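A.B. asks:
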Amino acid sequence: LAKTTQPISMDSYEGQEVNITCSHNNIATNDYITWYQQFPSQGPRFIIQGYKTKVTNEVASLFIPADRKSSTLSLPRVSLSDTAVYYCLVGDRVRSGAGSYQLTFGKGTKLSVIP
Amino acid sequence: NAGVMQNPRHLVRRRGQEARLRCSPMKGHSHVYWYRQLPEEGLKFMVYLQKENIIDESGMPKERFSAEFPKEGPSILRIQQVVRGDSAAYFCASSGQTNTEAFFGQGTRLTVV
């Protein structure tokens, strides 16, 4: 499984755009990049997943350069409720022929949004 | 559509007792994953199960820990003879056959006193 590196913490003011970059130099051809969000005392929640270029949904955008050795999660106009830990995961979409994959979490990036 | 349900939310056990943590996956999901999260740490994979089968238990401690996902009923993570170091949040996740998104429960916080 590819190892990921992301900043331990980030601070941002409300209303700003926040970009969290994750390095995954050893990403494999079959690997997808997935981001999860975890609030205190809650389980992680899926935010976005991508393979290459750019993916956008109602919550965030994910930018993946051509070499796929890094990815950037972009949160537009953050609010206080976006204060959470954000995890970058890299893994094979299909493992053991089961159609699902094992998730490997690092320590994540603790985002603090300041009023 | 109820999400992943874990119970109890909080569990206190004395050293040497047994802890049983339950997880009911989302409706239609047949894959269950258990993770452990120590304070200020990321989640660590423990075990991956399908109905009546353990697919991958590479993250499970060799002793005292076991997991099952019977044909009927919730998945159970069982910790025998708990020690202080077992104190952590235990999260369960489930996913469907072709769904790459895993949905997590709210976790069970185990405290060993």
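Sequences listed follow chains A and B, in order. Counting in our numbering, the first sequence runs from 1 upward without gaps. Counting in our numbering, the second sequence runs from 1001 upward without gaps. We put the beta carbon where it would ideally sit given N, CA and C, even for glycine. Because the structure is a prediction, the values reported are computed rather than measured.
1. Counting only C-beta atoms, is B/Phe1104 closer than 8 Å to chain A at any point?
2. Buried or exposed, going by whether 16 or more other CB atoms sit within 10 Å of the CB of B/Gln1017?
3. What residue ranges within the segment 1036 to 1101 of chain B form continuous beta strand (DSSP E) runs of no fewer than 3 residues, ordered along the chain?
4. Is B/Leu1011 helix, strand or coil by DSSP?
5. Ends of the beta strand (DSSP E) at A/Met10?
6. By the 10 Å Cβ neighbour count, where 16 or more other Cβ atoms means buried, how is A/Ile33 classified, buried or exposed?
7. Taking the C-alpha atoms as reference points, what is the distance between A/Val78 and B/Leu1043?
8. For A/Val59, which residues of its own chain have a beta-carbon under 6 Å away from its beta-carbon, when the five flanking residues on both sides are left out?
9. Quick one: using the 10 Å Cβ neighbour count with 16 as the cut-off for buried, is A/Thr29 buried or exposed?
10. State the DSSP-derived secondary structure class of A/Asp31, mapped to helix, strand or coil.
C.D. replies: The structure says:
1. Taking Cβ atoms only, chain A reaches closer than 8 Å to B/Phe1104, which makes this a yes.
2. A residue is called buried once 16 or more other Cβ atoms fall within 10 Å of its Cβ, and B/Gln1017, having fewer, is exposed.
3. Counting only unbroken stretches of 3 or more residues, the beta strand (DSSP E) elements lying wholly within the segment 1036 to 1101 of chain B are 1043 to 1050, 1053 to 1056, 1065 to 1068, 1075 to 1079 and 1088 to 1095, in sequence order.
4. The answer is strand: DSSP assigns B/Leu1011 an E or B state.
5. That run of the beta strand (DSSP E) goes Ser9 to Tyr13.
6. By the neighbour-count rule (16 or more Cβ atoms within 10 Å), A/Ile33 is buried.
7. So the alpha carbons of these two residues sit roughly 25 Å apart.
8. The beta carbon of A/Val59 sits closer than 6 Å to the beta carbons of Ile47 from its chain, once the five residues preceding and following it are set aside; these are given in chain order.
9. Exposed.
10. Strand at A/Asp31.
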